[in-house]
Amino acid sequence: MRGWKFTKTDKPLELVEQPDPQPAADEVILAVKAAGLCHTDVGILHDPSWLPLIKAPVILGHECAGQIIKAGTNVHDFKVGDRVGVSPQNPETGQTIGCMRDGGYSDQVAVPANQLVPLPDGVSYVQGASATDAGMSSYHPLFVTGQAKPGMKVGIIGIGGLGEFAVNMAVIAGCEVYAVDTKASARQWAQKIGAKGVYADISDLKQADVSLIIDFAGFDTTTNQAVKAVKTGGTVVVVGMGILHSTIDTGELITRNITLTGNSGGTPADIANVYKYFQTGKMHLDLPTTSFDKIPEGLVSLEKGEVVGRLIAARA
Numbered sequence: 032m033r034g035w036k037f038t039k040t041d042k043p044l045e046l047v048e049q050p051d052p053q054p055a056a057d058e059v060i061l062a063v064k065a066a067g068l069c070h071t072d073v074g075i076l077h078d079p080s081w082l083p084l085i086k087a088p089v090i091l092g093h094e095c096a097g098q099i100i101k102a103g104t105n106v107h108d109f110k111v112g113d114r115v116g117v118s119p120q121n122p123e124t125g126q127t128i129g130c131m132r133d134g135g136y137s138d139q140v141a142v143p144a145n146q147l148v149p150l151p152d153g154v155s156y157v158q159g160a161s162a163t164d165a166g167m168s169s170y171h172p173l174f175v176t177g178q179a180k181p182g183m184k185v186g187i188i189g190i191g192g193l194g195e196f197a198v199n200m201a202v203i204a205g206c207e208v209y210a211v212d213t214k215a216s217a218r219q220w221a222q223k224i225g226a227k228g229v230y231a232d233i234s235d236l237k238q239a240d241v242s243l244i245i246d247f248a249g250f251d252t253t254t255n256q257a258v259k260a261v262k263t264g265g266t267v268v269v270v271g272m273g274i275l276h277s278t279i280d281t282g283e284l285i286t287r288n289i290t291l292t293g294n295s296g297g298t299p300a301d302i303a304n305v306y307k308y309f310q311t312g313k314m315h316l317d318l319p320t321t322s323f324d325k326i327p328e329g330l331v332s333l334e335k336g337e338v339v340g341r342l343i344a345a346r347a
């Protein structure tokens, strides 16, 4: 099998050939059909602070979908031929594929069966891979942590790979959605999808009287502005990691009884729920594709901000 291996910070990925993986008793082997390219991988390549979370050398790619070609002796809920998505982190060991063990930037990958999510008919491998991180990491802060409900006024900051999922799912769920992004094209997309209001400035959310804001940007001031913009007694959920610190107006936080919380990732159940949204036929996301051979170039484009939506490496 071939795969794109990370060896150390600021060194390009290496295309390596190594023996095909064999499944442990509780694992399956997937023929990888699609793998999402993520800003996390850009961080791993260039930021040494990621190294404690990485077991290098390792094949990157923590969001993928594929078809089972081998199954371990203790795997009973899945069989050869099944189409599945992969929840990135093992709920028992905490290990993440593409970080602590080889991931989806490869022809084949070994995955513990407890990380598998059945891919329903009508949901493509590209959609399946996109849901395993971007979809999951949008669904959980919106519906689990944020407790979004039909009719709730919800603000979404940052309409990128995750924000697109959140806007789309919130609209389908019957929320009253207000989207914020500095890019006019992103605002136009959100309005077309069904957002009731779109703004270039976070402070404009205040006039919408939103009770929940999800900050998918996380660039210091975005979080503080969200605290000021959410209605009294409202909730701000921070997902974006644009800058890993923020100066918060604690006067606003305290006197207006604002709940400020963070959210990282989600669960296999969240991914399954995202697949249900895809099954509605109402998800309209930017999911551009590239080939597996061009994953390094795709990551460069992602780093430069040239990618709209979620870039997926796909095989026919």
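For the sequence shown, my numbering gives the first residue as 32, with consecutive numbering after it. C-beta atoms are modelled at their ideal positions from N, C-alpha and C, and glycine is treated no differently.
6 angstroms Cβ shell around residue i - same chain, five flanking residues per side excluded
{"i": "R218", "result": "D212, V229"}
{"i": "Q158", "result": "F309"}
{"i": "D317", "result": "V339, G340"}
{"i": "P327", "result": "L44"}
{"i": "P172", "result": "I245, V268, V270, N294"}
{"i": "S332", "result": "V338"}
{"i": "K36", "result": "E45, V47, P88, I90"}
Whether residue i touches residue j by CB criterion (8 angstroms)
{"i": "R33", "j": "K86", "result": "no"}
{"i": "V19", "j": "I289", "result": "The requested residue 19 does not occur in the structure, where the chain is confined to residues 32 to 347."}
{"i": "G74", "j": "W81", "result": "yes"}
{"i": "V148", "j": "I302", "result": "yes"}
{"i": "A345", "j": "K64", "result": "yes"}
{"i": "I274", "j": "G249", "result": "yes"}
{"i": "L236", "j": "T266", "result": "no"}
{"i": "G296", "j": "F247", "result": "no"}
{"i": "P119", "j": "D57", "result": "no"}
{"i": "T321", "j": "G312", "result": "no"}
{"i": "N304", "j": "Y156", "result": "no"}
Residue i versus residue j: straight-line alpha-carbon distance, rounded
{"i": "I245", "j": "T104", "result": "43 angstroms"}
{"i": "V185", "j": "V241", "result": "5 angstroms"}
{"i": "E283", "j": "Q49", "result": "56 angstroms"}
{"i": "T127", "j": "V175", "result": "21 angstroms"}
{"i": "W220", "j": "A162", "result": "19 angstroms"}
{"i": "E94", "j": "M167", "result": "10 angstroms"}
{"i": "T124", "j": "A226", "result": "39 angstroms"}
{"i": "I343", "j": "D164", "result": "12 angstroms"}
{"i": "V106", "j": "A231", "result": "50 angstroms"}
{"i": "K15", "j": "G182", "result": "Residue coverage of the chain in this structure runs from 32 to 347, which leaves residue 15 outside it and unanswerable."}
{"i": "A239", "j": "H276", "result": "27 angstroms"}
{"i": "G177", "j": "Q256", "result": "18 angstroms"}
{"i": "D72", "j": "E334", "result": "10 angstroms"}
{"i": "G205", "j": "I100", "result": "40 angstroms"}
{"i": "T286", "j": "G189", "result": "27 angstroms"}
Which residues DSSP lists as bridging residue i, in chain order
{"i": "Y230", "result": "V211"}
{"i": "D246", "result": "I188, V269"}
{"i": "T292", "result": "V268"}
{"i": "V117", "result": "L147"}
Same chain only: Cβ atoms within 7 angstroms of residue i, ignoring 5 sequence neighbours per side
{"i": "H77", "result": "T40, D41"}
{"i": "V154", "result": "Y306, F309, Q310"}
{"i": "P151", "result": "Y306, Q310"}
{"i": "G199", "result": "Here residue 199 turns out to be Asn, not Gly, going by the sequence shown. The residues are I224, M314, H315, L316."}
{"i": "E195", "result": "L316, D317, G340"}
{"i": "R114", "result": "Q98, L150"}
Candidates the options: closest to residue i by CA position
{"i": "K180", "options": "G189, V154, A197", "result": "A197"}
{"i": "A102", "options": "P54, I190, I128, T278", "result": "P54"}
{"i": "G97", "options": "P88, S137, I90, D72", "result": "S137"}
{"i": "S208", "options": "L193, I224, E94", "result": "Residue 208 is actually Val in this sequence, not Ser. Nearest C-alpha to V208: I224."}
{"i": "I187", "options": "V117, Y156, S234, N304", "result": "S234"}
{"i": "G129", "options": "H171, V89, D108, Q178", "result": "V89"}
Close-in-space but distant-in-sequence residues of the same chain around residue i (CB under 8 angstroms, 5 per side omitted)
{"i": "P122", "result": "N145, Q146, T298, P299"}
{"i": "D52", "result": "The sequence given here places Pro at residue 52; Asp does not occur at that position. Taken in chain order, the residues that qualify are M32, I60, D133, Q139, V140, A141."}
{"i": "I251", "result": "Checking the displayed sequence, the identity of residue 251 turns out to be Asp instead of Ile. Closer than 8 angstroms at the Cβ level, and outside the excluded window around D251, lie G273, I274, H276, S277, T278."}
Contact test: residue i Cβ vs the ligand MN heavy atom, cutoff 7 angstroms
{"i": "G116", "result": "What this structure holds is no ligand at all, so the ligand MN is not there to describe."}
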